[in-house]
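With the numbering used here applied, the sequence shown covers 148 to 417.
Every residue, glycine too, gets a C-beta built ideally from N, C-alpha and C.
The block underneath contains the structure these notes are about, expressed in structure tokens.
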Amino acid sequence: MTAPAFDNIRIVLVNTTHPGNIGGAARAMKNMGLKRLYLVAPKDFPAEKAVWRAAGALDVLENAVVVETLEEAIQDCGLVIGTSARGRRIPWPLVDPRACGERTWHEAQQHQVALLFGREDRGLTNDELHKCQYHVHIPSNPEYSSLNLAAAVQVLSYEIRMAHLAQEQGTLLPPEPWDMPPAQSQALERYYQHLEETLHTLGFLTPANPRQTMTRLRRLYNRIRPDEMELSILRGMLTAIQNYIYYTSKRLEKAVPQAGENNNSLDTEL
Ligand code: SAH
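What follows is the structure, given as structure tokens:
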């Protein structure tokens, strides 16, 4: 019997070019007990080469969920971890493959977890990486750091299996208890949109440089990882701010005559 947490872990391949890598990833997953494969806009799928490389993991391939956008692939996930073959301009909370395996395994007992893998030629975009709570880098030769996509899936799937075995043997440290589930990806995205709109209305975000500020705010929230209750409080606060701005501006409109509005008392005095 396989542990149910395996069902809560999905491997997400973004925009894969070579179908052989999709097959290779399916095989790597099944060897380690994983089965949920998501393909975001693959270039060439279904394909013979994928079947050939999957060998005995055809079931993983056949059950792969193909979606158009990354958002669809991760919307119900409480933890999203993005892989990166190189350092990025804005550093993000980083875990090594072992910690990634342990965290993924722990959290998959409670909620959905996604591991994101990027394109063969240029990895994940910054926008995609900014949807992640953590980044993971497989330590490799700095002069040749980029692994084959399916090989990277193999390494991280192996670490998940190691965490599972450690738990069975009682050597995995228990996770920190928490009373609420973490906010899911879709709820976080809606929050960021709400936050951006509100900051625009307040004039805090200037059109000159809105993206950097939002990136840093995303990093802040990803570091804190608000739970469902905390996120709903934050959204309620934004709604209160927007309502305040709206009703205050309505009151001002009433108090100050608008251009072109007839004001008789003023006319007669003049
Ligand atoms: N040239 C690309 C590398 C793409 S390799 C770049 O510079 O980003 C294809 C994918 O394999 C990556 O997006 C990542 O998902 C995975 N991968 C390759 N090497 C990795 C490494 N050292 N650590 C983590 N993931 C890696």
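* Would you list the residues sitting across from residue 261 in a DSSP beta bridge? => Residue 261 sits at position 114 when you count from the first residue of the sequence shown. In the DSSP output, where bridge partners are listed per residue, residue 261 has 157, 227.
* **Rounded straight-line distance, which links the Cα of residue 181 to that of residue 382** => Here residue 382 is taken as the residue at index 235 of the sequence shown, counted from 1. Here residue 181 is taken as the residue at index 34 of the sequence shown, counted from 1. Cα to Cα, residue 382 sits roughly 35 angstroms from residue 181.
* From residue 242 to residue 203, what does the alpha carbon distance come to, in whole angstroms? -> Counting from 1 along the sequence shown, the entry for residue 242 is found at position 95. Counting from 1 along the sequence shown, the entry for residue 203 is found at position 56. Near 31 angstroms, if we compare the C-alpha coordinates of residue 203 and residue 242.
* Select from 193, 323, 234 the residue whose C-alpha is nearest the C-alpha of residue 271. => Your numbering for residue 271 matches position 124 in the sequence shown. Ranking the options by Cα distance to residue 271, first place goes to 234.
* Spell out a yes or no on whether the segment 182 to 196 and the segment 313 to 321 are touching, meaning 3 or more CB-CB pairs, one atom from each, closer than 8 angstroms. => no
* DSSP state of residue 391 mapped onto helix, strand, coil -> Counting from one through the sequence shown, the residue named residue 391 turns up at place 244. Here residue 391 sits in helix by DSSP.
* CB-CB under 7 angstroms to residue 309, same chain, minus the five flanking residues each way: which ones, in chain order? -> For the purposes of this step, residue 309 is taken as residue 162 along the sequence shown, with counting starting at 1. Correct list, in chain order: 248.
* With a CB to CB cut of under 8 angstroms and the five nearest residues on each side skipped, what residues in its chain are close to residue 311? -> Your numbering for residue 311 matches position 164 in the sequence shown. Excluding sequence neighbours, residue 311 sits near 150, 152, 153, 180, 252.
* Asked: What distance in whole Å lies between the Cβ atoms of residue 239 and residue 282, which are believed to be in contact at a cut-off of 8 angstroms?
  -> By 1-based counting over the sequence shown, the position of residue 282 is 135. By 1-based counting over the sequence shown, the position of residue 239 is 92. About 5 angstroms; that satisfies the 8 angstroms criterion.
* Asked: Which full runs of the alpha helix (DSSP H) of 4+ residues lie inside the segment 191 to 227, going along the chain?
  -> 195 to 201, 205 to 209, 217 to 221
* Asked: Is it true that the segment 168 to 179 meets the segment 286 to 305, where meeting means three or more beta-carbon pairs spaced less than 8 angstroms apart?
  -> yes
* Same chain only: Cβ atoms within 7 angstroms of residue 144, ignoring 5 sequence neighbours per side -> Since the first residue of the chain shown is 148 and the last is 417, residue 144 is not available in this structure.
* Using DSSP with H/G/I as helix, E/B as strand and the rest coil, what is residue 339? -> Taking the first residue of the sequence shown as position 1, residue 339 is located at position 192. Shown here, residue 339 sits in a helix according to DSSP, grouped into three states.
* Would you say the beta carbon of residue 261 comes nearer than 7 angstroms to a heavy atom of the ligand SAH? -> As a working mapping, residue 261 is identified with position 114 in the sequence shown. With a cutoff of 7 angstroms, residue 261 does not count as near the ligand SAH, since its C-beta is closer than that to no heavy atom of the ligand.
* Asked: What are the boundary residues of the alpha helix (DSSP H) that residue 250 is part of?
  -> Here residue 250 corresponds to residue number 103 of the sequence shown, with the count starting at 1. Start and end: 244 to 254.
* Mind checking whether the beta-carbon of residue 307 lies closer than 7 angstroms to any heavy atom of the ligand SAH? -> By 1-based counting over the sequence shown, the position of residue 307 is 160. No, the ligand SAH has no heavy atom inside 7 angstroms of this Cβ.
* Does the distance from the C-beta atom of residue 161 to that of residue 275 stay below 8 angstroms? -> Here residue 161 refers to the residue found at position 14 of the sequence shown. Here residue 275 refers to the residue found at position 128 of the sequence shown. In this structure, residue 275 lies closer than 8 angstroms to residue 161 by Cβ.
* To do: Would you decide whether residue 402 is buried or exposed? Buried here means 16 or more other CB atoms lie within 10 Å of its CB.
  => Taking the first residue of the sequence shown as 1, we reach residue 402 at position 255. Looking at its Cβ environment, which holds fewer than 16 other Cβ atoms inside 10 Å, residue 402 is exposed.
* Asked: With a CB to CB cut of under 7 angstroms and the five nearest residues on each side skipped, what residues in its chain are close to residue 191?
  -> In the sequence shown, counting from the first residue as 1, residue 191 sits at position 44. Excluding residues within five positions, the ones whose Cβ falls inside 7 angstroms are 166.
* To do: Quick one: residues in its chain with C-beta nearer than 6 angstroms to the C-beta of residue 213, no 5 flanking neighbours on either side, listed in chain order?
  => Your numbering for residue 213 matches position 66 in the sequence shown. The answer, listed in chain order, is 186.
* To do: Identify, in the order they occur along the chain, each residue of the same chain with its Cβ nearer than 7 angstroms to the Cβ of residue 215, setting aside the five sequence neighbours on each side.
  => On the sequence shown, position 68 is the one that residue 215 refers to. Cβ neighbours of residue 215 beyond the five flanking positions: 188.
* Terminal residues of the continuous beta strand (DSSP E) containing residue 282? -> Your numbering for residue 282 matches position 135 in the sequence shown. Element bounds for residue 282: 281 to 283.
* For residue 294 versus residue 159, is the C-beta spacing smaller than 8 angstroms? -> Numbered from its first residue, the sequence shown carries residue 294 at position 147. Numbered from its first residue, the sequence shown carries residue 159 at position 12. Contact flag unset, no.
* To do: Check whether the Cβ of residue 264 sits closer than 7 angstroms to any heavy atom of the ligand SAH, and report yes or no.
  => Stepping through the sequence shown from its first residue, residue 264 is reached at position 117. Because some heavy atom of the ligand SAH lies under 7 angstroms away, the Cβ of residue 264 counts as near it: yes.
* **Three-way DSSP call (helix, strand, coil) for residue 324 in this model** => As a first step, residue 324 must be located in the sequence shown, where it is residue number 177. In this structure, DSSP gives residue 324 a state outside helix and strand, which the three-state scheme calls coil.
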